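What follows is a set of notes on a single structure, which appears directly below.
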Amino acid sequence: MTALITGAAGGIGSAVANAFEDSGERVVRHDLRAPEAPDGTYLTGNLLDDDVLTSIERHVNDEGVTTVVAAHGVAGAQAISSISAEYARFVMSANTVSVLRLYDAVAPALAQRSGVFVAVASQAGLVGEANNGVYCASKFALVGWAKALDRAPFESRPRVRLLCPGATQTPLLVDAFRGMADSAGVQYEDVLASRLAQIPAGRLGRTEDLGAAAVWLAALPTRRSVIAAVTGGEVLA
Amino acid sequence: MTDSVQGRQAPYRIAPAFGGEGDTLLRIVVELSATPGVASRDELLTDGVVALVAQLARVAGGPPERPIAVDVRVPEASPPAVECEAFVEAARGLVQSLVLERGKSIGPVNVVVSHPAQEQDRAATWAYLAAGTGSFSRGATYDLREVAV
């Protein structure tokens, strides 16, 4: 079986790709740009570009891909009162619209093979966060989309999963915490300490935690759109 | 809500917040239309969200005791339009974040979701939210739509 992982150059995406390989699946990676020493098959390009999506759709069809994990995304940690329209539009495009367009492109092929589409959302898609409003909006929108799919009869569509990670040790988290710190006028270390104190698990998530969760979600046969909050207990859903 | 340039119905309209004499509740009225097509969906989830952010930023600078409601009106459809549900959730997330961000420096902000014909539900909700006793509701999303079993 073959899995396509977007955002594979990033922290969680890379771990997800590794987890699927460790579980015995062949993995095709995608990101905006390939790393210097790409692992295996690597597709590149902006997922908002129609030509890139067409290429991905063709690859999914030709390579018999049965699992697609949309693990790409950008941070958006700015106060609602100060975020620019341009940046807000960028965050919504990157985190929501590109995921829905990817789904549109690959869903028919996945459905034919009883495949699965996993979108990496966030705990910030389940509960709002100060100084992170538009990022929250982008992830809440994915949750709304997934729930709405379930209200239609399950006809010819793939299984859908939403993985909602909590605070996980990645460069994106560092960016987000720095943005929150700047917006709130505090230090990055203050934000980090405050967040750690709120996590019952007593630690940040590790990318391998999310890799394991993605493999589990993809293996589930249920047709319900499962929304998994893997947050160390910080957000309970 | 027609885009006269492209002849395509716009997927949303956001009316500026208003409050008349005796009307203590500021409302940001968001009217969604279930306009089919990828372009409309993408516009709703980018430009529509950006427009709501702008309205929230504007009203958040107002008097801190004034209650604010994001009044989202979703057309009836069975099953519900997926893009409308995604937008409703985006509004939910924005308002939760705003409340956490601003605390006591703004009035209570909530989201109310209804179908256009639900006048009585909305009227009762405005009366509740406008009263002082309604001010402990903040950051909530009240979905008043009936869901077919």
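Protein chains in written order, with the numbering used here: chain E, 32 to 268; chain H, 30 to 178. Every residue gets a Cβ at the ideal spot worked out from N, C-alpha and C, and that includes glycine. These numbers come from a predicted model, not from an experiment.
Where the alpha helix (DSSP H) containing residue 92/E begins and where it ends: Unbroken alpha helix (DSSP H) run through residue 92/E: 81 to 94.
Contact with chain E by residue 84/H, beta-carbon distance below 8 Å: Judged by the 8 Å Cβ criterion, residue 84/H is not in contact with chain E.
Under the three-state DSSP convention, the category residue 178/H falls into: At residue 178/H the pLDDT is 49, less than 50, meaning the model places this residue with poor confidence and gives no usable figure here.
Residue 50/H burial status per 10 Å Cβ neighbour count (16 or more: buried): Low local confidence applies: a pLDDT of 49 at residue 50/H is under 50, so the model's placement there is unreliable, and no value is given.
Enclosing beta strand (DSSP E) for residue 196/E [first to last residue]: Where residue 196/E is concerned, the enclosing beta strand (DSSP E) starts and stops at 190 to 196.
Residue 171/E classed as buried or exposed, judged by whether at least 16 other C-beta atoms fall within 10 angstroms: Buried, by the Cβ-count rule.
Proximal residues, the segment 174 to 199 of chain E versus chain H, C-beta separation under 7 Å: Taking 7 Å as the cut-off between beta carbons, the residues of the segment 174 to 199 of chain E near chain H are 174, 175, 176, 178, 179, 180, 182, 183, in sequence order.
Residue 54/H versus residue 99/E - alpha carbon distance: Rounded to the nearest whole angstrom, the C-alpha separation of residue 54/H and residue 99/E is 46 Å.
Which of helix, strand or coil DSSP assigns to residue 50/H: Residue placement at residue 50/H cannot be trusted, given a pLDDT of 49 that sits under 50; what the coordinates show is reported in the next sentence. Residue state, collapsed to three classes: coil.
Cβ-Cβ separation, residue 111/H to residue 140/H (assumed contact under 8 Å), whole Å: That pair is no contact at about 18 Å.
Classification of residue 145/E by the beta-carbon crowding that lies within 10 angstroms, buried from 16 upward: Label assigned to residue 145/E: exposed.
Distance, residue 129/E Cα to residue 64/H Cα: For the pair residue 64/H and residue 129/E, the Cα-to-Cα distance works out to about 19 Å.
Supposed contact pair residue 188/E and residue 142/E - C-beta distance, whole angstroms, cut 8 Å: Indeed, because the Cβ distance is near 5 Å, the residues count as touching under 8 Å.
Environment of residue 92/E [buried if 16+ CB atoms lie within 10 Å]: Around the Cβ of residue 92/E, a 10 Å sphere holds fewer than 16 other Cβ atoms; the residue is exposed.
Simplified DSSP state of residue 152/E, which is helix, strand or coil: Looking at residue 152/E - three-state DSSP - the assignment turns out to be coil, as it is neither helix nor strand.
Short Cβ contact (8 Å threshold) for residue 110/E with residue 192/E: With respect to the 8 Å criterion, residue 110/E and residue 192/E are not classified as neighbours on the basis of their beta carbons.
Proximal chain H residues relative to residue 171/E, where beta-carbon distance stays under 7 Å: Neighbourhood of residue 171/E in chain H, by CB distance below 7 Å: 118, 119, 121, 122, in chain order.
Cβ-Cβ distance between residue 53/E and residue 37/E below 8 Å: Taking 8 Å as the Cβ cut-off, residue 53/E and residue 37/E do not qualify as a contacting pair.
Distance cut-off 7 Å: residue 237/E Cβ against heavy atoms of the ligand SAH: For the ligand SAH, the structure offers nothing, since it holds no ligand at all.
Whole-angstrom C-beta distance between residue 49/E and residue 107/E, which should lie under 8 Å: Not confirmed; about 26 Å, so no contact.
Same chain only: Cβ atoms within 6 Å of residue 139/E, ignoring 5 sequence neighbours per side: Around residue 139/E, the same chain offers no residue with a beta carbon nearer than 6 Å, after the five sequence neighbours per side are excluded.
Proximal residues of chain H, C-beta to C-beta of residue 92/E below 8 Å: Annotation: residue 92/E has no Cβ neighbours in chain H at a cutoff of 8 Å; minimum Cβ distance is about 20 Å.
Neighbour-count burial assignment, residue 31/H, 16 or more Cβ in a 10 Å radius: Reliability fails at residue 31/H, whose pLDDT of 42 lies under 50, so the model's placement of it is uncertain and the value that follows must be treated cautiously. By the neighbour-count rule (16 or more Cβ atoms within 10 Å), residue 31/H is not buried but exposed.
Classification of residue 93/H by the beta-carbon crowding that lies within 10 angstroms, buried from 16 upward: Counting Cβ neighbours within 10 Å, residue 93/H comes out exposed, since fewer than 16 surround it.
Beta-carbon proximity check, residue 170/H vs residue 123/E, cutoff 8 Å: Cβ distance not < 8 Å, so residue 170/H and residue 123/E don't count as in contact.
CB contact check: residue 156/E to chain H, cutoff 8 Å: Yes - at least one Cβ of chain H is within 8 Å of the one on residue 156/E.
Segment contact flag, the segment 171 to 187 of chain E with the segment 103 to 117 of chain H, C-beta cutoff 8 Å, min 3 pairs: They touch, by the three-pair rule.
Residue 59/H versus residue 43/H - alpha carbon distance: Answer to the nearest angstrom: the Cα atoms are 4 Å apart.
Span of the alpha helix (DSSP H) around residue 49/E: Element bounds for residue 49/E: 42 to 53.
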